[in-house]
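Each protein sequence line maps, in turn, to chains F and S.
In terms of this note's numbering, the first sequence opens at residue 1 and continues consecutively.
In terms of this note's numbering, the second sequence opens at residue 1001 and continues consecutively.
All residues carry an ideal CB built from backbone N, CA and C; glycine is no exception.
The next block holds one structure in the form of structure tokens; read it before the comments.
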Amino acid sequence: MIEFENVAYSYGGGELLSDISVKLAPGSFHFLTGPSGSGKTTLMKLCYGALLPTAGHVTLFGSDVRSLDRDDIAMVRRRVGVVHQDCQFLNHLPVAENIGLPLTVSGRHAETGGDDLLELLSWVGLSNRADALPPELSGGERQRAALARAVIMSPDVVLADEPTGNVDWEMSQRLLKLLVELNRMGKTVLIATHDLGLIRATKAQVQARVLRIANRRIQLAGADL
Amino acid sequence: MLKTALAALWNGDRQADRVVPPSGFTAQLTLFAAATMAFLAVFALALSLASGRLATIWGQELARTATIRVVAPLDQRAAQTEAALRILETTKGVASARALTDAEQQALLAPWFGPELAIDALPVPRLIEIIEDNGGMDPEGLRLRLAAEVPGAVLDNHNRWRAPLVKAASRLKLLGWISTILITATMAAMVTLAAHAALSANAQVIAVLRLVGATDSYIAQAFIRRFTLRALTGSAGGMVVGMLAILLLPSTDDAGGFLTGLGFQGWHWLVPLLIPFLAGGVAFAATGAAARRTLKELA
């Protein structure tokens, strides 16, 4: 699905990531960990074409990311659900419409009226907040709304960048449970987090591999985590 | 691509409109500026069309008329007039020629001497009005023949004073068109500025839309539609007010209309109706260009 081959990325100064080769197979569950500033978010952005590698090749769904034009990138993003660290919404539209936004922008607005959206809202526990505006939501509610928005198109891959960054332990468990459920439904999941407790708790529920960024490179962390 | 863009514009997409937050104040400004520009465009058009009309009238109608003045003592005047008319009958290019009657000449002189003037007692030159056919006549040849046979006849083919007037009217017409072009360009600049402001103000909205898989054309469409409709409605309003102002200009009689005939005649009244569509088209193109430029720089 997503393949990195000797990928390097630099922001002008030195290289932030170098010689990264990773393959996210369909249905796999990966954690991405490493200290702050080690390049977790950058690696995520390389996964959905928000950044282009400065060296090496990133292959998204079989095509080299450099060969994709802007419309192709838009199409890739319909197959990749992204939950950002600081989730952004359209603040003038209610939560339900924000969650249905990926359908709206891909010309499938009619489907937002169906039961799927209601089901999804109750799955993330936001049924009673459907008409609220995004600025009225708490941190945990925002994260769950972002997750619902990320999966409404039934994407092949779900990328979550610190999805539990600003929620309490109980809420992070709930969010993780949702992501594990998605993985059981066959989605490829990649979660960036520096919360090792979260990774341990998940490993009991699903077979997850842990990628650690250290010294600009990816290492496959052992079972000792 | 243009065809699909126009179709999207026409059909509209209420949802695409909704994804960009409404902008109250700047929307009013765009409407106002479009209305102002359309109002000015109406006058620029009126100026061009009216001066074009004057240039045509002066150029065509006066070009086909000429006058002969027969200056002679009273007792010879009738004979010389007869002689001149006979010459004119055999002159190539003259469609018709006739001497003005005493009553007509009195009417011509009345503004200066009053209606009481006893014109038949004065040695007023007799005027002969010549109307040329489409081929036109040879004024030099006619002058030579007149000089030989009717010494008191002076031919005036109006060229002397017509040429500078036609030139002035043509220049006015050119100025009017230049103004119209400048107004259109200003409108494009204004819409581009407004669209840039709207695109920058909605940078976060655009980022969210890109993240969830919106194409550039979808995002651009939301802005294009908005600005095109604003320019269209604003300029339609300005155009209507401008046309009313032209309609309400004090009407002038034939004599005054010669100088103050600013306005539209006949099918020219339809020309200003194009202004809103031109404004809409300009806004469509300007917003599209601005959106494409801005979006290209985003991830």
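query                                                                                                                                                                                                    : result
Return the chain-ordered list of same chain residues with a C-beta closer than 8 Å to the C-beta of T1180 of chain S, the five sequence neighbours on each side being excluded.                          : A1041, A1044, L1045, S1048
Interface residues of chain F around G1288 of chain S at Cβ under 9 Å?                                                                                                                                   : None at all; the shortest Cβ gap to chain F is about 15 Å.
Along the stretch 1190-1202 of chain S, where does the CB come closer than 7 Å to a CB of chain F? Name the residues.                                                                                    : none
Run through the DSSP bridge pairs and tell me what G81 of chain F is partnered with.                                                                                                                     : F:V158
Could you spell out the range, first to last residue, of the alpha helix (DSSP H) harbouring Y1218 of chain S?                                                                                           : 1216-1247
Just the Cα atoms here: how many angstroms apart are P135 of chain F and R216 of chain F?                                                                                                                : 36 Å
Starting from the C-beta of L1209 of chain S, find all residues in its chain whose C-beta is less than 8 Å away, skip the five residues before and the five after it, and write them out in chain order. : V1019, Y1218, I1219
From this set, S:H1158, S:R1293, S:G1237, which residue's C-alpha is nearest F1277 of chain S's C-alpha?                                                                                                 : S:G1237
Strictly under 8 Å for the Cβ-Cβ distance: is H194 of chain F near chain S by that measure?                                                                                                              : no
Please report how far the alpha carbon of F1258 of chain S lies from the alpha carbon of D1138 of chain S, in whole angstroms.                                                                           : Summary for F1258 of chain S: the model assigns pLDDT 49, below 50, so the residue's position carries little reliability; its value from the coordinates is reported in the next sentence. Rounded to the nearest angstrom, the two C-alpha atoms are 28 Å apart.
What are the residues that DSSP puts in a beta bridge with E1098 of chain S?                                                                                                                             : It is worth fixing the name first, because residue 1098 of chain S is Arg in this sequence and not Glu. R1098 of chain S is bridged to S:E1129.
How many angstroms separate the CA atom of K203 of chain F from the CA atom of A150 of chain F?                                                                                                          : 23 Å
Compare the Cα-Cα distances from L196 of chain F to each of F:N6, F:I73, F:L32, F:S10 and report the closest residue.                                                                                    : F:L32
Alpha carbon to alpha carbon, how far is P102 of chain F from R144 of chain F?                                                                                                                           : 16 Å
Can you look up D195 of chain F in the DSSP assignment and give me helix, strand or coil?                                                                                                                : coil
Helix, strand or coil for N1157 of chain S? Go by DSSP, reduced to three states.                                                                                                                         : coil
Going by Cα to Cα distance, which pick from F:G13, F:M1, F:L175, F:A96 is closest to P26 of chain F?                                                                                                     : F:M1
Under three-state DSSP, which class holds V22 of chain F?                                                                                                                                                : strand
Mind checking whether G34 of chain F and R212 of chain F have CB atoms under 8 Å apart?                                                                                                                  : yes
According to DSSP, is S226 of chain F helix, strand or coil?                                                                                                                                             : What the structure shows of chain F is the stretch from 1 to 225, and residue 226 of chain F is not part of that stretch, so it cannot be assessed.
Does the distance from the CB of T247 of chain F to the CB of S10 of chain F come in under 8 Å?                                                                                                          : As displayed, chain F neither begins before 1 nor continues past 225, which places residue 247 of chain F out of reach and without an answer.
Does any residue of chain F have a CB that is nearer than 8 Å to the CB of Q1221 of chain S?                                                                                                             : no
Which of the residues in the stretch 53-78 of chain F, read from start to end, lie with their CB under 9 Å from any CB of chain S?                                                                       : R70, D71, I73, A74, M75, V76, R77, R78
Applying a beta-carbon distance threshold of less than 7 Å, which residues of chain F neighbour A1214 of chain S?                                                                                        : A74, V105
Going by other Cβ atoms of all chains shown within 10 Å of its Cβ, with 16 needed for buried, is E162 of chain F buried or exposed?                                                                      : buried
What in chain F is Cβ-close to R1293 of chain S, meaning under 7 Å?                                                                                                                                      : In chain order: nothing, as chain F lies at least about 13 Å away.
Should K1296 of chain S go down as buried or exposed, given a rule of 16 or more other Cβ atoms within 10 Å for buried?                                                                                  : exposed
Grab me the residues of R78 of chain F's own chain with a C-beta within less than 8 Å of its C-beta, minus the 5 sequence neighbours each way, in chain order.                                           : P102, S106, M153, P155
For A1016 of chain S and S21 of chain F, what's the separation of their Cα atoms in angstroms?                                                                                                           : 39 Å
Below 9 Å between beta carbons is the criterion; list the residues of the stretch 1219-1244 of chain S that meet it against any residue of chain F, in chain order.                                      : I1219
Measure the C-alpha to C-alpha separation of V1154 of chain S and P1125 of chain S and round it to an integer number of angstroms.                                                                       : 10 Å
Assign A8 of chain F to one of three DSSP states: helix, strand, or coil.                                                                                                                                : strand
For a contact defined as C-beta to C-beta under 9 Å, what are the partners of A1027 of chain S on chain B?                                                                                               : Absent from the structure: chain B. Protein chains present are F and S.
Starting from A1290 of chain S and walking both ways along the beta strand (DSSP E), at which residues does that stretch end?                                                                            : Note, A1290 of chain S: premise wrong, no beta strand (DSSP E); alpha helix (DSSP H) at 1275-1296.
Of all the CB atoms in chain F, is at least one closer than 8 Å to the CB of V1205 of chain S?                                                                                                           : yes
Report the CB separation of E1132 of chain S from A1095 of chain S in whole angstroms; it is logged as a contact under 8 Å.                                                                              : 6 Å
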